[in-house]
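For reference, the structure discussed in these notes is given below.
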Ligand code: FES
Ligand code: FES
């Protein structure tokens, strides 16, 4: 078994406290909005009241004349450079269809102008004094409307490169084929087809977006941002504002959650331009309402899945068609669309005939972007619903059907190669896979055998169990890159400098654990500095489940290189001693380097010698990593639900997620990633939905009306970490940040079906929808 | 107008505008551990103890708090020693981004002060107004239970 290859770890696998934990629990000012700089201007944004309109005239003179207003920004006095706010690797696979301020607004909430003033009150007052004359245009508020013949064109500008077909409102298009799907269906004994639809949903990190900018003593622009992608921020702001990149420093302090919404360069340009124009610090913080109307959302999708199987349950043909709503701008349109297939289809690699195709279309609704799960969440709803229907059609246990068709160690899927991040992917074989075991453990924990199909009823309430299986990736192969520097100090401690971006995920801690493991020291001897473009080496950022695997590998390499230097010095120090000094067989443990003969020196002594005494040099190394593959973590998820057939209310009684993330470097943190993403996923499944007026305005832009789950709403979530060892990963690890969120929607949908026999195909599963489906099922 | 508050044991006087919320005043005066997540009473990130009870400071006008006693997260650890709740939140992995944590710990403190031995339902109820988007609450529940136990032991000595 794979676990046998797992070496004995000292620090890895331990529930170390977060390295930034004490500061967080004592309320230290660690977040971007916590820093007071004297003379800071408050920046406020004027948002479009119209879903689609041309700005005919803007008159900001009155606002500019208001005492206390430092500057007003509009399309008349800002760069017109086209760019994408998507914080992706360069060149970004998203269309350059946005400007800081445009002459057209494309959704209610789009930027029209911004004011910087001495106080928030003055800034808000000034916003009211900006006179804007709009020419309203017909608005498109649905994907079908966007594709209808003669539909208004949302991006009718001529200078936006990267749009697939602007005249048809299509931001992106994907179409890949494996084998012959028509033939495949013709040869299938059982065929099922299902169409599932997902809603507009918002990330709702508890900390809103916040950016603070200032000029340092040397006149360089410093941007402190709640961002997942500091290096992309630096690059994009430099380009948009036409400032030399070396004049910008981006710092990510602690940030209050991201989940993808902070993978956008949403505000940095505004604050930066205010600072450049006025020479003064500038602070921009989105209000909760602005988070809802003007930040980013998950891509709502309609997905059709058709499956064909032989009578023995072997999947033979698989077709997936996606219609994705990217909203007013195409950030992540192509890549999220691709991931609907690339992160789902390989799990059923036995199907030899596969067709995946789809479009992402523009609408005059809020802008969709990256969101934990990144398309896979939507894809699995349709795929795993269809799989349950197929099991029904075959008269087979859903669990057995999935086992029969799921990918295993040593196997591959042509999808890995065909479908990448908006381009071709990278071929890979799966080298670690605990899926089979996850299904087994999860089924036992939920009581699958005892509960499935039993439909126990109490009054109007009926119970059922459901399950689904999932994979994700670990970073973007041959695109992502991370680097790390390890540098030794003469007390035997180390600085670990990483571009990697801790969003609260604990990456600073687990990366320190990797370094500590290799260097034979406790975590307290590793001083982590992360996410500062002046100080830390490059990293593409925290997205695509990349940090543990990609950044972790860079840390592992840097630590191994430093280890080698340490051993060389130690060998020289012990040379007088004779004995076996085979450097390859030195061990670093308990803050000592120990030779094969058992003699050792402390790390402090080693560094003191290297710094002050003989053959002086700095023990340090920088290493990079670009992955050649993206090993998937796997998950089997199970839920028991209770459906009230009178009220339509669905209650999740228990949720079980059995996850294979390779070696869990910090098990509690890994569990925490799954618990949090499952809770978010249950919210998607049951309560969360952005609602719109007939004019495209968000009707529920508050945490009161947009219901994310609180402590009373979350069921017991049991996370089972299934042991496996990923040979290509740092200390055997894979990713764990996203996968959990893919589970709840299909798992709960399948459990509802087990309980009351209805198929819900539209999220969230509100009481109304449940009752409608129950009524539709009853004849008469 | 001028108000006086006892913040974390220290007597303070603040100049405030009539419309200022307690949240705004506290943050302005350097108590940055008090967080703003919504400004509307929906998230609990801004929770502080006001005369011993947890309130959302974004809903309290500073003027109304005149003469009161306020405890923020900054006042919880004594002489560098963490409070059992802080310890437990760290040990159980209940802190991810940490943005909800100050409010969550303050709400838990209120709960445990009035309910030294709560069951799981009561804990869920006690932190129902504190939204966390990172964790799913499982680890908070455990942390609060663990802290409750330690605090009871300390009390009975
Ligand atoms: S900021 Fe006070 S409750 Fe959200
Ligand atoms: S830990 Fe991030 S919101 Fe609670």
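Chains as they are written, first to last, in our numbering: chain A, 1 to 780; chain B, 1001 to 1157. Here a beta-carbon is modelled for each residue, glycine too, at the ideal position from N, C-alpha and C. Keep in mind it's a predicted model, so treat the numbers as computed, not measured.
Who are the neighbours of residue i on chain B, taking C-beta pairs under 7 Å?
i: residue 15 of chain A; result: 1093
i: residue 154 of chain A; result: Correct list: empty, because the minimum Cβ distance to chain B is about 31 Å.
i: residue 21 of chain A; result: 1090 and 1095
i: residue 669 of chain A; result: 1093
i: residue 43 of chain A; result: Result: empty, since nearest Cβ-Cβ is about 16 Å, beyond 7 Å.
i: residue 672 of chain A; result: 1093, 1096, 1135 and 1139
Starting from residue i, find everything on chain A with Cβ-Cβ shorter than 8 Å and list it in chain order.
i: residue 1074 of chain B; result: 26 and 27
i: residue 1039 of chain B; result: 287 and 288
i: residue 1042 of chain B; result: 288, 702, 703 and 704
Looking at C-alpha atoms only, which residue of the options is the closest neighbour of residue i?
i: residue 584 of chain A; options: A:564, A:573, A:330 and A:591; result: A:564
i: residue 591 of chain A; options: A:650, A:518 and A:637; result: A:518
i: residue 281 of chain A; options: A:223, A:559, A:482 and A:610; result: A:223
i: residue 650 of chain A; options: A:637, A:683 and A:629; result: A:683
i: residue 51 of chain A; options: A:336, A:121, A:135 and A:411; result: A:135
i: residue 196 of chain A; options: A:303, A:686 and A:439; result: A:303
i: residue 763 of chain A; options: A:298, A:13 and A:536; result: A:298
i: residue 312 of chain A; options: A:175, A:404 and A:334; result: A:404
i: residue 1108 of chain B; options: B:1097, B:1146 and B:1042; result: B:1146
i: residue 374 of chain A; options: A:87, A:188 and A:544; result: A:544
i: residue 654 of chain A; options: A:716, A:694 and A:601; result: A:716
i: residue 1089 of chain B; options: B:1144, B:1071, B:1061 and B:1003; result: B:1144
i: residue 380 of chain A; options: A:775, A:471 and A:314; result: A:471
i: residue 1056 of chain B; options: B:1046, B:1037, B:1064 and B:1065; result: B:1046
i: residue 726 of chain A; options: A:101, A:367, A:660 and A:756; result: A:660
i: residue 1155 of chain B; options: B:1132, B:1117 and B:1041; result: B:1117
i: residue 260 of chain A; options: A:86, A:398 and A:162; result: A:86
i: residue 1151 of chain B; options: B:1115, B:1140, B:1132 and B:1016; result: B:1115
i: residue 781 of chain A; options: A:549, A:635 and A:309; result: Since the first and last residues shown for chain A are 1 and 780, residue 781 of chain A lies out of range.
i: residue 75 of chain A; options: A:104, A:66, A:731 and A:189; result: A:104
Residue i lies in the beta strand (DSSP E); which residues open and close that run?
i: residue 387 of chain A; result: Taken as a continuous stretch (DSSP letters only), residue 387 of chain A belongs to no beta strand (DSSP E), being part of the alpha helix (DSSP H) at 376-394.
i: residue 685 of chain A; result: First-last for residue 685 of chain A: 667-686, but that is the alpha helix (DSSP H), not the beta strand (DSSP E).
i: residue 1011 of chain B; result: 1010-1015
i: residue 469 of chain A; result: 461-471
i: residue 600 of chain A; result: 600-602
i: residue 638 of chain A; result: 634-644
Under 7 Å between beta-carbons, which chain A residues line up against residue i? List them in chain order, please.
i: residue 1131 of chain B; result: 206, 703, 708 and 710
i: residue 1138 of chain B; result: 675 and 717
i: residue 1077 of chain B; result: 26
i: residue 1102 of chain B; result: 27
i: residue 1127 of chain B; result: 711
Can you pull the chain A neighbours of residue i, defined as C-beta to C-beta under 9 Å?
i: residue 1032 of chain B; result: 27, 28, 29, 30, 31, 33, 34, 35 and 36
i: residue 1012 of chain B; result: Within chain A, no residue comes near residue 1012 of chain B; the closest Cβ sits about 17 Å away, beyond 9 Å.
i: residue 1069 of chain B; result: Those do not exist, as residue 1069 of chain B stays about 18 Å from chain A at its closest Cβ, beyond 9 Å.
i: residue 1082 of chain B; result: 22, 25 and 26
i: residue 1045 of chain B; result: 206, 207 and 256
Quick one: is the Cβ of residue i within less than 7 Å of any heavy atom of ligand 4?
i: residue 504 of chain A; result: Ligand 4 is absent from the structure shown, which contains only ligand 1 and ligand 2.
What is the residue span of the alpha helix (DSSP H) that residue i lies within?
i: residue 1046 of chain B; result: Premise fails: residue 1046 of chain B is in no alpha helix (DSSP H) and is neither H nor E.
i: residue 45 of chain A; result: From DSSP, residue 45 of chain A is part of no alpha helix (DSSP H) but of the beta strand (DSSP E) over 41-47.
i: residue 407 of chain A; result: Here residue 407 of chain A belongs to no alpha helix (DSSP H), and DSSP marks it neither H nor E.
i: residue 363 of chain A; result: It is not in any alpha helix (DSSP H) - residue 363 of chain A carries neither H nor E in the DSSP assignment.
i: residue 145 of chain A; result: 143-147
i: residue 157 of chain A; result: It is not in any alpha helix (DSSP H) - residue 157 of chain A carries neither H nor E in the DSSP assignment.
i: residue 236 of chain A; result: 230-241
i: residue 551 of chain A; result: Counting along the chain, residue 551 of chain A falls outside any alpha helix (DSSP H), and DSSP gives it neither H nor E.
i: residue 508 of chain A; result: 507-519
i: residue 1108 of chain B; result: 1101-1114
Give me the chain B residues within the contact set of residue i, using Cβ-Cβ distance strictly less than 9 Å, ordered along the chain.
i: residue 784 of chain A; result: There is simply no residue 784 of chain A to check, as chain A begins at 1 and stops at 780 in what is shown.
i: residue 505 of chain A; result: 1096, 1097 and 1134
i: residue 783 of chain A; result: Residue 783 of chain A is absent from the model: chain A starts at 1 and stops at 780.
i: residue 18 of chain A; result: 1090, 1093, 1095, 1096 and 1098
What does residue i touch in chain B if you count any residue whose Cβ is under 8 Å from its own?
i: residue 678 of chain A; result: 1136
i: residue 653 of chain A; result: Result: empty, since nearest Cβ-Cβ is about 14 Å, beyond 8 Å.
Taking the runs of the alpha helix (DSSP H) that are 4 residues or longer, which of them lie wholly in the region 284-340 of chain A? Runs of the alpha helix (DSSP H) lying entirely within the region 284-340 of chain A and spanning at least 4 residues, in chain order: 288-294.
Beta strand (DSSP E) runs wholly inside the region 12-79 of chain A, at least 3 long, in chain order: Listed in chain order, the complete beta strand (DSSP E) runs (minimum 3 residues) inside the region 12-79 of chain A are 41-47, 53-59 and 69-73.
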